[in-house]
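S.K.: The structure follows.
Residue numbers (my numbering): 1068 to 1504.
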């Protein structure tokens, strides 16, 4: 068994950040229907999971200071339903197996909230996500207010989105989470290495998509952390292309953006490689520009540096490359200032990474780009995209889309490239792509 998150440590971090008269109320994600009476595979709410490890639907968590700081409300044991939908730990399992302080059947939540909200002045709860949850809480607040007139205790009169508190905690990864993300990276590396040896003209994008999922599962992950992008040829110029239904042609570049999910954390990696085993001269030139841009961003991925510094460093190299490739004319500063580069580079250079592929946490504080801190995990993903019908671009470059993305841990010193084991330089990639030739 591989590394697992330390949920008890996560709970301790929250309780230390929570004021003496504050409480947090979280609900599990809904379980949507796919079609008819078929359900999607359930994926727990990231905040609730981060605190509990609980992976089943119909759950709620109440957090407050006291003898039982973490109380979980869950589906009760039901032998008949478990025949159809699987084992339920129930309240006993929530305490004995998951380490919660107390647990009750979810049906008892309205009554338990009556006492649970007594003495609380600030409640962290996300109004507006689920009308049924909102109605349940409002009823409990009315009942608690009536009771407070007899007990002379506070009831919540200030409400905050729990994201303000929880997402800042989740943004700074603990040692347990870093090990889990490293496992995501390891699994993802194995899957990408398999792709390099299987890509060839005539192979379907869907075949590589399936090969990714197979290797993610075979290596111990639960599957993709998000819908994989397998984009051949000019499909790579569509940033979130997910159809994955075209046949790969001779001479195509194949852009694959994918990451393995493990313990509900995910990697996020992009590589762009030649279907025929060798880059054309124009393709190699574009790849080398993007690689230089990524290296420039890595140099800024250090604690105390502003988050945006990575993007600004990569952007300068990309614009220099656009000019040298004949995509733009003039001076670098002028092209950055007028935004003309956005024709070929229209997105940021990365994002936070963790339980969500675009993980939680603010990018700005006090009106400025926030400084990076040890424990933050970011992606670094510069790219260049030249549309197939761009008559102003040199003909040899039209239809080329290149993105290269790695996952980076911010430390007290040099950044750690968690996915550096996945080959990306032209020589490395060509050597692997020709293995099966």
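The C-beta atom is built at its ideal place from N, Cα and C for all residues, glycine as well.
Quick check for students: name the residue ranges of the alpha helix (DSSP H) that lie wholly in the segment 1245-1317, counting only runs of 4 or more.
M.R.: Whole alpha helix (DSSP H) segments, 4+ residues: 1272-1285.
S.K.: Does the separation of the CB atoms of residue 1084 and residue 1278 fall below 9 Å?
M.R.: No, Cβ-Cβ distance for residue 1084 and residue 1278 is not below 9 Å.
S.K.: Return the Cβ separation of residue 1315 and residue 1269 in integer angstroms, given the expectation that the two are a contact with Cβ distance under 8 Å.
M.R.: Between residue 1269 and residue 1315 the Cβ distance is about 7 Å, and since that is below 8 Å, they are a contact.
S.K.: Looking at the secondary structure, which residues open and close the beta strand (DSSP E) in which residue 1420 lies?
M.R.: Where residue 1420 is concerned, there is no enclosing beta strand (DSSP E), given that its DSSP letter is neither H nor E.
S.K.: Taking a contact to mean a Cβ-Cβ separation below 9 Å, would you say residue 1298 touches residue 1266 in this structure?
M.R.: No, Cβ-Cβ distance for residue 1298 and residue 1266 is not below 9 Å.
S.K.: Just checking my contact of residue 1445 with residue 1475 at CB under 8 Å: how many whole Å lie between their CB atoms?
M.R.: Rounded, the Cβ-Cβ distance is 5 Å, consistent with contact.
S.K.: Nearest to residue 1302 by alpha carbon, out of 1101, 1243, 1203 and 1467?
M.R.: Residue 1302 has its Cα closest to that of 1467, out of 1101, 1243, 1203 and 1467.
S.K.: Might you give, ordered along the chain, the residues of its own chain that have their beta carbon closer than 8 Å to the beta carbon of residue 1439, omitting 5 neighbours on each side?
M.R.: These residues qualify, in order along the chain: 1368, 1369, 1370, 1371, 1372, 1373, 1374, 1445 and 1477.
S.K.: Relative to the alpha-carbon of residue 1330, which residue among 1111, 1230, 1098 and 1080 has its alpha-carbon at the smallest distance?
M.R.: The shortest C-alpha separation from residue 1330 is found at 1111.
S.K.: From what residue to what residue does the beta strand (DSSP E) around residue 1328 run?
M.R.: Here the beta strand (DSSP E) through residue 1328 covers 1327-1329.
S.K.: Measure the beta-carbon distance from residue 1282 to residue 1252 and round it to whole angstroms, keeping in mind my assumption that it falls under 8 Å.
M.R.: Not confirmed; about 13 Å, so no contact.
S.K.: What beta strand (DSSP E) runs, 3 residues minimum, are completely inside the segment 1098-1140?
M.R.: With a minimum length of 3 residues, the continuous beta strand (DSSP E) runs that stay inside the segment 1098-1140 are 1100-1102 and 1127-1131.
S.K.: With DSSP as the reference, label residue 1337 as helix, strand or coil.
M.R.: If DSSP states are grouped into helix, strand and coil, residue 1337 belongs with the strands.
S.K.: Could you spell out the range, first to last residue, of the beta strand (DSSP E) harbouring residue 1172?
M.R.: Run containing residue 1172: 1169-1172, per the beta strand (DSSP E) assignment.
S.K.: What three-state label does DSSP hand residue 1143 in the structure shown?
M.R.: Residue 1143: coil per DSSP, three-state reduction.
S.K.: Give me, in chain order, the residues of the same chain whose beta-carbon lies closer than 7 Å to that of residue 1273; leave out the 5 immediate sequence neighbours on both sides.
M.R.: 1311 and 1312.
S.K.: Could you pull the DSSP bridge partners for residue 1371 from this structure?
M.R.: According to DSSP, residue 1371 bridges with nothing at all.
S.K.: Between residue 1292 and residue 1447, which are expected to be in contact by the criterion C-beta below 8 Å, what is the C-beta distance as a whole number of angstroms?
M.R.: With 8 Å as the limit, residue 1292 and residue 1447 do not qualify as a contact, their Cβ atoms being about 17 Å apart.
S.K.: Quick check on the DSSP output: the beta strand (DSSP E) that includes residue 1157 runs from which residue to which?
M.R.: Not the beta strand (DSSP E): residue 1157 falls in the alpha helix (DSSP H), residues 1157-1163.
S.K.: Secondary structure at residue 1089, three-state DSSP: helix, strand or coil?
M.R.: Reduced to three states, the DSSP call for residue 1089 is strand.
S.K.: With distances taken from CA atoms, which of 1143, 1135 and 1162 is nearest residue 1120?
M.R.: When only C-alpha atoms are compared, the closest one is 1162.
S.K.: Could you tell me which uninterrupted alpha helix (DSSP H) segments, each at least 4 residues in length, are contained entirely in the segment 1403-1440, listed from first to last along the chain?
M.R.: As far as the segment 1403-1440 is concerned, it has no whole alpha helix (DSSP H) run of at least 4 residues.
S.K.: Do residue 1137 and residue 1173 have their C-beta atoms within less than 9 Å of each other?
M.R.: No; because the gap between Cβ atoms is not below 9 Å, this pair is not in contact.
S.K.: Based on the DSSP secondary-structure assignment, which residues constitute the bridge partners of residue 1452?
M.R.: BP columns for residue 1452 point to 1468.
S.K.: Pop quiz: residue 1360 and residue 1449 are said to be a contact at Cβ under 8 Å. What is the actual Cβ separation, rounded to whole angstroms?
M.R.: About 4 Å; that satisfies the 8 Å criterion.
S.K.: Report buried or exposed for residue 1409, applying the criterion of at least 16 other Cβ atoms within 10 angstroms of its Cβ.
M.R.: Answer is exposed; the Cβ neighbour count stays below 16.
S.K.: Based on Cα-Cα distance, which residue from 1399, 1107 and 1123 lies nearest to residue 1153?
M.R.: Residue 1153 has its Cα closest to that of 1123, out of 1399, 1107 and 1123.
S.K.: Restricting to Cα atoms, I'd like to know which of 1109, 1132 and 1131 is closest to residue 1125.
M.R.: It is 1109.
S.K.: Exposed or buried, what is residue 1205 when buried is set at 16 or more other beta-carbons lying within 10 Å of its beta-carbon?
M.R.: It counts as exposed.
S.K.: By Cβ distance, which residues of its chain are closer than 6 Å to residue 1166, with the 5 residues on each side in sequence left out?
M.R.: Same-chain partners within the cutoff: 1075.
S.K.: If you draw a straight line from the C-alpha of residue 1220 to the C-alpha of residue 1336, how long is it?
M.R.: Answer to the nearest angstrom: the Cα atoms are 52 Å apart.
S.K.: Do you know how far the Cα of residue 1403 is from the Cα of residue 1305?
M.R.: Residue 1305 and residue 1403: Cα-Cα distance of roughly 22 Å.
S.K.: Assuming residue 1464 and residue 1392 make a contact with CB atoms under 8 Å, what is their CB distance in whole Å?
M.R.: So it is a contact: roughly 6 Å between Cβ atoms.
S.K.: Which one or two residues does DSSP pair with residue 1194 in a beta bridge?
M.R.: Answer by DSSP bridge pairing: none, since residue 1194 is not bridged.
S.K.: Whole-angstrom Cβ separation of residue 1184 and residue 1211, contact assumed at under 8 Å?
M.R.: Correct: roughly 4 Å between the Cβ atoms.
S.K.: Quick test of your reading: residue 1470 and residue 1339, contact by CB under 8 Å. State the CB separation rounded to the nearest angstrom.
M.R.: Yes, residue 1470 and residue 1339 are in contact; Cβ-Cβ is about 6 Å, under 8 Å.
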